[in-house]
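Asks:
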Amino acid sequence: MDKQLLSMLVCPLCKGKLKYEKDAQELLCTFDGLAFPLRDGVPVMLEGEARRMSEEEKLEKAQKAAKEQAE
1 MDKQLLSMLV CPLCKGKLKY EKDAQELLCT FDGLAFPLRD GVPVMLEGEA RRMSEEEKLE
61 KAQKAAKEQA E
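Residues in the sequence shown are numbered consecutively from 1, following full-length UniProt numbering.
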């Protein structure tokens with residue numbers, strides 16, 4: 001995922017920052033609990049195509065992102 005492209009992309013619902021999950025090939029919005037897929041390297045930024053994260057996953061990802069920002 002191109003870092004410049006990632007810095008320009010925001011969640012289409014809340015306009016918040018997205019976190020790139022390389023292993024899952026998803027862009028995560030922990031605020032809305034959505035995981036937007038990447039297909040052939042192209043982000044699919046449609047709510048209907050996004051996967052809903054469980055509450056546990058959402059909390060885990062938010063804590064991980066906060067920890068990374070603190071470092």
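For every residue, glycine included, the Cβ atom is placed at its ideal position computed from N, Cα and C. Quick caveat: nothing in here was measured; it's all calculated off a predicted structure.
1. Could you check how far apart the C-beta atoms of residue 67 and residue 28 are, in whole angstroms? I think they sit under 8 Å.
2. For residue 43, which residues in the same chain have their Cβ closer than 7 Å to its Cβ, ignoring the five residues on either side in sequence?
3. Spatial neighbours of residue 33 within its chain, please: C-beta separation below 7 Å, excluding the five flanking residues on both sides.
4. Buried or exposed for residue 18, going by 16 or more other Cβ atoms inside 10 Å?
5. Can you tell me whether DSSP reads residue 19 as helix, strand or coil?
Replies: According to the data block:
1. Not really, about 15 Å apart at Cβ, beyond 8 Å.
2. Counting only residues of its own chain and dropping the five nearest sequence neighbours on each side, residue 43 has a CB closer than 7 Å to the CB of 9, 27, 36.
3. Correct list, in chain order: 52, 53, 58.
4. With 16 or more other Cβ atoms within 10 Å, it is buried.
5. Of the three classes helix, strand and coil, the one that applies to residue 19 here is strand, per DSSP.
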